[in-house]
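Working notes, beginning with the structure itself.
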Amino acid sequence: MSRGDLIRTIWEQHRSLTIIVCLLLLINLAIFLAQSQLFDQRLMDKRDAVRQQQNGLRVLQQQKQSGSMPVSDLEKVEKDLTRIQQMIPFEDQLSGLIGELFSTANDAGLSIKQVSYKPEMDKELELLRYDLQFSVSGQYGQLKHFIHQLEKAQRILVISDISLSGGEGRKGKTADVALKITLKTFFRGRDAA
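Here is the structure:
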């Protein structure tokens, strides 16, 4: 049997399954492209904003010390920097974030069994970066709602990796799909207070 005959036979016998698998592959590719375009840029923009605020504060402090800077400008920059830093929680709030993930999944009708995480110090930003990884499974609509809720979170969360699999067990919108996701988030150490 030639390769063409094999493909034709698979297509004729498992047409709906083949279409579902192809659609899932296209959805996975689209999500990956969107993630790499949007979320990586969001992370870079936030890093740049923090870096600019830190540099601006250093320059303003030097100007204040030399007496060549109006105090009102320095106070404005300090308030902006303080506001950005307040968006980044302390490291001891990691358990609260994980609790929010479980609650958000539960609200979407999903269940997270385990969250693994890996902390790493970002020396450039002087912040702790956590990579959180977990899996959930459910109907596509539930997973879509869950991702949307993560995007609306008040915390700084970046979806750095996402993959979908499954859906071939049953036909239609009721087929279960497994979602594996990696989030990045930042925390301040207590000495950064």
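Going by my numbering, 665 is the number at position 37 of the sequence shown; the sequence numbering is gapless. Note that beta-carbon positions come from the ideal geometry of N, C-alpha and C, so glycine has one too. These numbers come from a predicted model, not from an experiment.
- Here lysine 692 carries a helix assignment [DSSP, helix/strand/coil].
- Counting the other Cβ atoms within 10 Å of the Cβ of arginine 686 gives fewer than 16, which makes it exposed.
- Counting only runs that start and end inside the segment 754 to 807, the beta strand (DSSP E) elements of at least 3 residues fall at 755 to 766, 785 to 794.
- DSSP places glutamate 748 in the uninterrupted beta strand (DSSP E) bounded by 744 to 750.
- Taking C-beta atoms as the reference points, isoleucine 784 and leucine 811 fail to come closer than 8 angstroms.
- No residue range can be given for arginine 816, since it is assigned to no alpha helix (DSSP H) and is classified by DSSP as neither H nor E.
- Remark: three or more beta-carbon pairs, one from each stretch, lie closer than 8 angstroms, so the segment 669 to 685 and the segment 705 to 716 are flagged as touching.
- In this structure, the CA atom of leucine 755 is about 51 angstroms from the CA atom of arginine 643.
- The residue from Asp759, Gly795, Ala733 with its alpha-carbon nearest to that of aspartate 750 is Asp759.
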